[in-house]
């Protein structure tokens, strides 16, 4: 499923409202990339509409700040 999938309109609406999403992810090497549909859609939306500004390790998780292109 991809970000244009009508099954996940809430993800698309949320991306329209957010200027700087900050998702939490597993620490490097801790878990494989999630194969569930919602995680795939989240990754697709972040890649399509945002750029990664910075990532920090916080208590074993990666916290990444994304922004609209050119807004980091």
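Numbering (UniProt numbering), first residue to last: 1 to 72.
Don't be surprised by glycine CBs; every beta carbon is placed ideally from N, CA and C.
Quick caveat, the model's predicted, so the values are computed rather than measured.
Looking at the unbroken alpha helix (DSSP H) that takes in residue 80, where does it start and where does it end?
-> With the chain running from 1 to 72 in the structure shown, residue 80 is simply not present.
Just the C-alpha distance for residue 40 and residue 47, rounded to the nearest angstrom, thanks.
-> Start at 1 with the first residue of the chain shown, and residue 40 comes out as number 40. Start at 1 with the first residue of the chain shown, and residue 47 comes out as number 47. In a straight line, the C-alpha of residue 40 is about 11 Å away from that of residue 47.
Rounded Cβ spacing between residue 52 and residue 66 (contact assumed at less than 8 Å) = The residue you call residue 52 lines up with position 52 of the chain shown. The residue you call residue 66 lines up with position 66 of the chain shown. Distance from residue 52 to residue 66 at the Cβ level is roughly 6 Å; contact confirmed, criterion being Cβ atoms closer than 8 Å.
How many Å lie between residue 69 and residue 63 at the Cα?
-> If you number the chain shown from 1, residue 69 lands on position 69. If you number the chain shown from 1, residue 63 lands on position 63. Looking at the two C-alpha atoms, the distance is approximately 19 Å.
Have a look at the DSSP bridge pairing and note the partners of residue 58.
-> Counting from 1 along the chain shown, the entry for residue 58 is found at position 58. According to DSSP, residue 58 bridges with 61.
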